[in-house]
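Engineer:
Here it is in structure tokens:
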């Protein structure tokens, strides 16, 4: 069975999603147990894959072939569906597995039965399958299919609270953007298919000449994936979506934006790695800066705790794009510090998953306890919910990049790398961080400080456990960043940095 | 709806279902397949909804939802059949068992008993699409009534 682990990480949550409504008809506890087992299995799978890939390099798995390593069909052409897991894919898989492991136990308690818990669990598992599919696939068309799987599952999760007025609106807005993003992506794939007659990522990468059509396809890829990753100026779906989806499932939406970003890295570094130019890096840097500034300013204006945290999450996407963009811009000329920025950008994905995940869990716990997220009504919760207040404070500080928490570890790398490219970039990024600190200080003060307020509902132990896992992660990653940087982040960054040749060789041979 | 529409719907309902089944069953031989056949069969449900109103099919929602989940589950499980080689490997093709005859060479009228797991997957997808599309249309038709999920 060991040889099939990468596909099991995708097939099992898919099976889990389809079987959930059936099991719910038998017994609710059985369904809950099933969802937990599936997520545990997925967590074990992505962990195994990551350990294997970090130790032994790329893992290729071909579907429907005689053997999992038979990448080329007779005639020497890679026509089959295949998974190609390199360091970056494995890293993305870890993030998805980690957040799913936290989100599902939380969701089992958080979602009320009469609101359609079956649907939310089913959609959550399908979303997880789609995310892992995007992370592991080595085929552009499959990437598109999984992109659509995540789009549909995500939109349905956002519009899950159909009886409110805002959730269907948020879902509709998101659906519009996701559909547009999917169509742009499909058009780009169609252009490349028309030109080269192939859909395999490695094969296309080897064939790509940088023609006008290729450039047009790249623009479409960039637009599609930036839209889905909530980069400014097409970020406006994200605050609505994050705010309206049930808190636990928002964690999966966060991974969903990150895996779209991963898709962007894959397109820029692997697919277009042979015909790249420095202007592309600057474009990503510019989008990143715009995202982090716009989102930080927008966060300032919010009165809804969920939307405020959501804008903070969007601004973190900007930091990742800044880090990786600097890496891309210096890929050929000044590789020494470009790699630092790239590592920072990649590391920030993991840190963002932990901190933003924890913030959303805090929002969920506040909503559970008080029934509202409106900062104008909240206040004084720190007396009744000290654990939640502590977690919120910890995550806020980590998000703003205060040492010794994990956000500092990755942001300092991004600052260091971008400073060498242009100090202005660093200055803007630091200012946005300070702005975010102000925003979160205000939110913390508004929700948790002040005279003691009644807390109508106790926060269950599962919530606190899920939050504790992320909080411990934040502190540990902040205290010993070097360990994780060497063990997990460096292989992922290296896979983007110089991994293209190995990626192509693993699929095309020789 | 008028008696003309109802009568035509009565006549066409089994025809549309059979045609949907035909398209699914010949998915590995002719254009079409599970999705297309399922959509054709779901159109039969839509026709009944238009002709007789949603009330007649209201209690079928649970059945459709179960059928959809079963179809999806069956599709993924069929993929697991290949795990001896790889996921989705077509182990039934050429085995002389179910759908196991080798594909005949040259011009021929088409042998239904070929292609291994593909026809089974077509059926799984067909049922999923029939139930999923049918349930979606039914929910639209019931919209405005009380939501009793």
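Residue numbers (this note's numbering), protein chains in the order written: chain A, 367 to 876; chain B, 69 to 217. We treat Cβ as the ideally placed atom computed from N, Cα and C, and that holds for glycine.
1) Please report the Cβ distance between residue 206 of chain B and residue 131 of chain B, rounded to the nearest whole angstrom; I am assuming they are in contact, meaning their Cβ atoms lie under 8 Å.
2) Quick check on residue 126 of chain B: buried or exposed, where buried means 16 or more other Cβ atoms within 10 Å of its Cβ?
3) Could you name the residues of the segment 145-162 of chain B whose beta carbon sits closer than 8 Å to any beta carbon of chain A, in the order they occur along the chain?
4) Where does residue 630 of chain A sit, in a helix, a strand or coil, going by DSSP?
5) Which of the three DSSP states, helix, strand or coil, is assigned to residue 872 of chain A?
6) Use the C-beta contact count for residue 99 of chain B: other C-beta atoms within 10 angstroms, 16 or more gives buried, fewer gives exposed.
7) DSSP state of residue 653 of chain A, grouped into three classes?
8) Would you tell me roughly how many angstroms separate the C-alpha atoms of residue 129 of chain B and residue 390 of chain A, rounded to the nearest one?
9) Unbroken beta strand (DSSP E) runs of length 3 or more, entirely within the segment 162-207 of chain B: which are they?
10) Cβ of residue 214 of chain B less than 8 Å from any chain A Cβ?
11) Measuring straight from C-alpha to C-alpha, what distance separates residue 679 of chain A and residue 563 of chain A?
12) Is residue 427 of chain A helix, strand or coil when you go by DSSP?
13) So the beta strand (DSSP E) residue 889 of chain A belongs to, where does it begin and stop?
14) Which residues in the same chain as residue 427 of chain A place their Cβ atom closer than 7 Å to its Cβ, once the five residues preceding and following it in sequence are excluded?
15) Within 10 Å of its beta-carbon, does residue 605 of chain A have 16 or more other beta-carbons around it, so buried, or fewer, so exposed?
16) List, in order along the chain, the chain B residues whose C-beta lies closer than 9 Å to that of residue 532 of chain A?
17) Determine, using beta carbons only, whether residue 708 of chain A and residue 784 of chain A come nearer to each other than 8 Å.
18) With respect to the alpha helix (DSSP H) encompassing residue 534 of chain A, which residues constitute its N-terminal and C-terminal limits?
19) Which residue marks the beginning of the alpha helix (DSSP H) containing residue 610 of chain A, and which one marks its end?
20) Determine, for residue 137 of chain B, whether the minimum Cβ-Cβ distance to residues of chain A falls below 8 Å.
21) Determine whether the beta carbon atoms of residue 496 of chain A and residue 550 of chain A lie at a separation below 8 Å.
22) Any beta carbon from chain A within less than 8 Å of residue 122 of chain B's own beta carbon?
23) Look at the alpha carbon of residue 576 of chain A and the alpha carbon of residue 591 of chain A, and state the distance between them as a whole number of angstroms.
24) Is there a Cβ of chain A sitting closer than 8 Å to that of residue 134 of chain B, yes or no?
25) Compare the C-alpha of residue 641 of chain A against each of A:573, A:617, A:522 and A:388 and name the closest.
26) Please report how far the alpha carbon of residue 685 of chain A lies from the alpha carbon of residue 706 of chain A, in whole angstroms.
27) Is residue 398 of chain A helix, strand or coil by DSSP?
28) In the DSSP assignment, find the unbroken alpha helix (DSSP H) run with residue 377 of chain A in it and report its ends.
29) Please decide whether residue 397 of chain A counts as near chain B, where near means a Cβ-Cβ distance under 8 Å.
30) With 8 Å set as the bound, which would you pick, yes or no: does the beta-carbon of residue 384 of chain A sit closer than that to a beta-carbon of chain B?
31) By how many angstroms is the C-alpha of residue 424 of chain A removed from the C-alpha of residue 523 of chain A?
32) Between B:114, B:183 and B:115, which has its C-alpha nearest residue 49 of chain B's C-alpha?
33) Under DSSP, the alpha helix (DSSP H) around residue 781 of chain A begins and ends at which residues?
34) Using the rule of at least 16 other Cβ atoms within 10 Å of the residue's Cβ for burial, across every protein chain shown, is residue 136 of chain B buried or exposed?
35) So, does the CB of residue 770 of chain A fall closer than 8 Å to a CB anywhere in chain B?
36) Could you work out which residue in A:797, A:432, A:557 and A:478 is closest to residue 580 of chain A when comparing CA atoms only?
Structural biologist: Let me spell this out:
1) Not confirmed; about 11 Å, so no contact.
2) exposed
3) 145, 147, 148, 150, 151, 153, 154, 155, 156, 157 and 158
4) helix
5) helix
6) exposed
7) helix
8) 15 Å
9) none
10) Any reading at residue 214 of chain B is ruled out, since the residue's pLDDT is 48, under 50, leaving its predicted position unreliable.
11) 39 Å
12) strand
13) This structure does not reach residue 889 of chain A, given that chain A is present from 367 up to 876, and the question cannot be answered.
14) 372, 373, 434, 448 and 449
15) buried
16) The contacting residues do not exist; residue 532 of chain A stays about 18 Å from chain B at best.
17) no
18) 532-562
19) 603-610
20) yes
21) no
22) no
23) 20 Å
24) yes
25) A:573
26) 14 Å
27) helix
28) 371-392
29) no
30) yes
31) 34 Å
32) Because chain B is modelled from 69 through 217, residue 49 of chain B falls outside the range shown and cannot be assessed.
33) 772-787
34) buried
35) no
36) A:557
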